[in-house]
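To start, the structure itself, in structure tokens.
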Ligand SMILES: N[C@@H](CCC(=O)N[C@@H](CS)C(=O)NCC(=O)O)C(=O)O
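In my numbering, the protein residues as written are 3 to 213.
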């Protein structure tokens, strides 16, 4: 951020995995932002005025431009600061792009049905969705992480922080079942991100928040 520029306004929800990946990218890129923690049940009219679709995160830039997809906020964070250390560029390999797409589509679909079986009228059952989620994302993730440690290679890239919040959510549904999975590299990767200062700072509660 240049010295005379105001920070952007980020509408966010602390526990939302899409908002987590956006906050982590902004922090990693060193982009200052003003966080506005929203209640998903009572979204601020000012947010809906600039982004009627009503999902978080939404970033309103000082010039008035609105970024309303988490991946767009991440890309903007890295590219507007020169993509130092190529965090964004290294996420653009065909493998990382395919894994990211699986995360946001199939994995999220099955994760929601595993986590909230009562919300979905679906006869397949939570265990079926857990297995499908593992096959869609965690197994290919395991192969990559066994070879390189991070999706960025030896060091992380935007795909690591883009996907990590969703794997965290999956692991938290039934921690004992997750621990029993034969995915040692995914578990080590997840543990590393959970202990990272980047995640710690991204999860700090705004002063007025009670959530
Ligand atoms: N494709 C969007 C998805 C964002 C999203 O679905 N966020 C959820 C919270 S985790 C949301 O705001 N849902 C609206 C609601 O619950 O009313 C993105 O990548 O930013």
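Where a beta carbon is used, it is the ideal one built from N, C-alpha and C, also for glycine.
Distance cut-off 7 Å: residue i Cβ against heavy atoms of ligand 1
{"i": "residue 59", "result": "yes"}
{"i": "residue 18", "result": "yes"}
{"i": "residue 42", "result": "yes"}
{"i": "residue 73", "result": "yes"}
{"i": "residue 84", "result": "no"}
{"i": "residue 194", "result": "no"}
{"i": "residue 15", "result": "yes"}
{"i": "residue 154", "result": "no"}
{"i": "residue 65", "result": "no"}
{"i": "residue 56", "result": "yes"}
For residue i, the three-state DSSP class (helix, strand or coil)
{"i": "residue 164", "result": "helix"}
{"i": "residue 100", "result": "helix"}
{"i": "residue 20", "result": "helix"}
{"i": "residue 34", "result": "coil"}
{"i": "residue 87", "result": "helix"}
{"i": "residue 106", "result": "helix"}
Counted within 10 angstroms of its Cβ, other Cβ atoms place residue i as buried (16 or more) or exposed
{"i": "residue 138", "result": "buried"}
{"i": "residue 186", "result": "exposed"}
{"i": "residue 20", "result": "buried"}
{"i": "residue 33", "result": "buried"}
Segment limits, alpha helix (DSSP H) that includes residue i
{"i": "residue 146", "result": "141 to 150"}
{"i": "residue 215", "result": "Any answer about residue 215 is impossible in this case: the structure gives the chain only from 3 up to 213."}
{"i": "residue 200", "result": "199 to 204"}
{"i": "residue 110", "result": "110 to 117"}
{"i": "residue 180", "result": "177 to 181"}
{"i": "residue 52", "result": "47 to 52"}
N-terminal and C-terminal residue of the beta strand (DSSP E) that residue i is part of
{"i": "residue 1", "result": "In the structure displayed, the chain extends from 3 to 213; residue 1 sits before or after that span and is not available."}
{"i": "residue 70", "result": "No beta strand (DSSP E) contains residue 70, which DSSP labels as neither H nor E."}
{"i": "residue 13", "result": "10 to 14"}
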